[in-house]
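Structure, as structure tokens:
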Amino acid sequence: MEGNFVFEGKLKQISIVLSLLAVIALGVSFGMNHYVGWVDYLVFALYFTTVSVSSIFFLSLAGVLQASWLTPYKRIPEAMSGFLPYAAGLMLISIAGMGANYEWTHADIVQNDPILSAKVAWLNTPRFVGTMAFILIVWNLIALRHKKVSEMMDGSNGAEVARKNMGFFAVSILVFALTISCAAFDWIMSVEPHWFSTIFGVYIFAGTFVSGMAFITLTVITLKEQGYLKNVNENHLHDLGKWMFGMSVFWAYIWISQYLLIWYANVPEETEYYVLRHHHWNGLFFFNVVINFVFPFFVLMTRKAKRNATVLKTVAAVLLVGHFLDMYIMVAPKIFHHHDVHHVSGFGVVQILQLLGGFGFFIFIVGRALSKRKLEVTSDPTYAEGAHLHQ
Amino acid sequence: MKKDFVVAIFDDEEKLLSGAFKARDKNMEIYDVYTPFPVHGLDDAMGIKRSFLPYVTFLAGAAGLTLAVSYQVWTMAIDWPINVGGKPFISWPAFVPISFELTVLFAAHTTVAAFLVYNKLFPGKNPVIMHPEQTCNKFVVAMEKDKVSLEDAKALFSEHGALEVKIQNVDMNP
């Protein structure tokens, strides 16, 4: 069997350089404008938090279903969950920008606004910070527990460990569902505190699923190109392709579900969300659907495409950019409108550099975590089944 | 109609797979393989080409989509325009659910129908029985007798752990 992934040389250097780039690009945003800076920072923090938190969902899901498709490359989500402490750090720093991002943090605005006054029991700073800390701690605890389970599997009878932790896997999925919904409502939806959408949590979950799967796909193919993961073949790529295809469709389904009902009912307090986006952001708003649904849908439709590493890499990269744009479209418009900073910035080169730099940082942390343990999870009871996958 | 087949009987799917792969290498044409459950990799081993069903699905889906969109446009905007909440007659978001559903409906039903027709499956069809235990615990590789000789088959499949290789007269249209 193969040993560990070696994280050094070019990849490590590039990831460190890109991490610095992220800091500089975020600095540029803050230099342009206080509000632009905090918008970009919040999008940055949210995006990498969602990408990394998808990992605990994949691990719990595979655990509870005894799914074998994930086992040949299970170390990748395990390593991604190693980013969660840093994600927690990123999110906690965003508390410093609450005043800029969330209008409900200002007592004078809330006082003169009957709707916000009525929501004060939920939308207040101590409750917000407390819930955020709670959610981040819970995610980190789940990640730690997954790490422990995986280490126990290495040390003893994997099947026994998997069976004993079935309850943990099942409960953690439930906890994940509740916490990510709450996080979506708190951290993203409350940017527009007058507006509400009950499907919003599912929408964020769909995006999280797609971007997490895209990152896993990209990593699997890259590792394979470097000579690792010898057991992974085009049958496994086919699975990853199906996941990206299916979950992009799921994302689009939730997108249209939210849009359609609000459009049809035409109630002013609901339509304001889309009116705002159609007004200033119409191009990006629909481009978001093209890049996250239309493109992967038609490109990944055939079996051949799903089994082709180059096609998969391209689609995965596009989806990772697409869901960053999606996050930006959710956060930026209201704040830009509120503080009238449309002329200062938008979604452009600086934001793409932040994304690229963020991935440098993300890959640095994930790569380091990945290098610490044996890449092949032979101790997992479903490993043999997963390695001999047929399509 | 009765027909003679050379049948090789296995009790293990791995042996069956290796035998079938070898037969393909030696250009020994396999008529069909009968197994109690789907054996992964058997399509490859038998050298079966990709099914054309996905194209049927795609075309049927496209037909469903076209029908749904054109019918909605016709009813909502041309034949009997109705003002719904002041929205334009042709409002794409309102058409999405029905377009989606009809696409899925056409694609799914046509695929199943095409599958049944292509495999000549219909109610009351009697199964072809190469070996009485082919739906229980035995795996059967069948080759047409005029294309493969018993000796060749025996030499090849015995080597891969066939329990028995013999000539079988099978009723094809019971």
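As you go down the protein sequences, you meet chains A and B in turn.
Mapping of the first sequence onto my numbering: position 107 corresponds to residue 1398, and the numbering continues sequentially without gaps.
Mapping of the second sequence onto my numbering: position 11 corresponds to residue 31, and the numbering continues sequentially without gaps.
Glycine residues also receive a C-beta, built at the ideal position from the N, C-alpha and C atoms.
Non-local beta-carbon contacts of V89 (chain B) in its own chain, meaning distances under 7 Å to residues more than five positions away in sequence, involve F115 and S119 in chain order. Its chain contains S1306 as the residues whose beta carbon lies nearer than 7 Å to that of I1654 (chain A), once the 5 sequence neighbours on both sides are disregarded; these appear in chain order. In summary, R1568 (chain A) is buried, with 16 or more beta-carbon neighbours lying within 10 Å of its beta-carbon over all protein chains present. Looking at the DSSP output, Y54 (chain B) bridges to B:V160. Scanning chain B for C-beta atoms nearer than 7 Å to the C-beta of H1570 (chain A) yields nothing, as the closest lies near 18 Å away. Around the CB of D1671 (chain A), 16 or more other CB atoms lie within 10 Å, so the residue is classed as buried.
D24 (chain B) sits in a strand when the DSSP states are folded into three classes.
Counting the other CB atoms within 10 Å of its CB gives D64 (chain B) a total below 16, which places it among the exposed residues.
Contact residues of the segment 27-61 of chain B toward chain A are H60 and G61 (C-beta to C-beta distance below 8 Å).
CA-to-CA, the gap between I98 (chain B) and Y1619 (chain A) works out to about 40 Å.
One finds Y1555 in chain A with Cβ atoms closer than 7 Å to the Cβ of A114 (chain B), taken in chain order. Comparing alpha carbon positions, the residue from A:H1681, A:K1410, A:F1650 and A:T1470 closest to H1527 (chain A) is A:H1681.
Of the residues A:L1531, A:E1516 and A:A1474, the one whose Cα lies closest to the Cα of A1336 (chain A) is A:A1474. Take R1594 (chain A), set aside five residues on each side of it, and no residue of its chain has a beta-carbon closer than 6 Å to its own.
Pairing M163 (chain B) with Y75 (chain B) gives a Cβ-Cβ distance that is not under 8 Å. By the criterion of a C-beta distance shorter than 8 Å, W1360 (chain A) is surrounded in its chain by A1353, H1527, D1530, G1677 and L1680, once the five residues flanking it on both sides are discounted. C-alpha of V1523 (chain A) to C-alpha of E34 (chain B): approximately 21 Å in a straight line.
Of the residues B:L141, B:H180 and B:K165, the one whose Cα lies closest to the Cα of F159 (chain B) is B:H180. Using beta-carbon distances, L1528 (chain A) does not count as an interface residue toward chain B, since no partner is under 8 Å. With fewer than 16 other Cβ atoms inside 10 Å of its own Cβ, I102 (chain B) counts as exposed. Chain-order list of chain A residues neighbouring G81 (chain B): empty, with the shortest C-beta distance near 10 Å, by a criterion of under 7 Å. A contact is defined here as three or more CB-CB pairs under 8 Å, and the segment 78-93 of chain B meets this definition with respect to the segment 127-145 of chain B. The C-beta distance from V190 (chain B) to F25 (chain B) rounds to 6 Å, short enough to fall under 8 Å. Closer than 8 Å to the CB of Y1550 (chain A) there is at least one CB belonging to chain B.
Around the beta-carbon of E1299 (chain A), fewer than 16 other beta-carbon atoms lie within 10 Å, marking it exposed. Within the segment 36-119 of chain B, the complete alpha helix (DSSP H) segments at least 4 residues long are 62-66 and 73-93, listed from N- to C-terminus. Contact annotation: the segment 1425-1435 of chain A does not touch the segment 1401-1408 of chain A, with fewer than three C-beta pairs closer than 8 Å. Residues N1295, F1296, V1297 and F1298 of the same chain have their beta carbon placed closer than 7 Å to that of S1662 (chain A), with the five preceding and five following residues left out of the count. According to the DSSP secondary-structure assignment, N193 (chain B) is paired through a beta bridge with no residue. For G105 (chain B), at least one C-beta of chain A is nearer than 8 Å to its own C-beta. I1305 (chain A) has no beta-bridge partner at all, per DSSP. By the criterion of a C-beta distance shorter than 6 Å, S38 (chain B) is surrounded in its chain by H180, once the five residues flanking it on both sides are discounted.
Annotation for Q1645 (chain A): the continuous alpha helix (DSSP H) segment containing it runs V1640 to L1661. Note that the C-beta distance between L1427 (chain A) and A1370 (chain A) is not below 8 Å.
Against chain B, a Cβ distance below 8 Å from I1547 (chain A) picks out P113 and V116. A distance below 8 Å between beta-carbons, with the five flanking residues on each side excluded, links I1386 (chain A) to the following residues of its chain, in chain order: V1420 and M1423.
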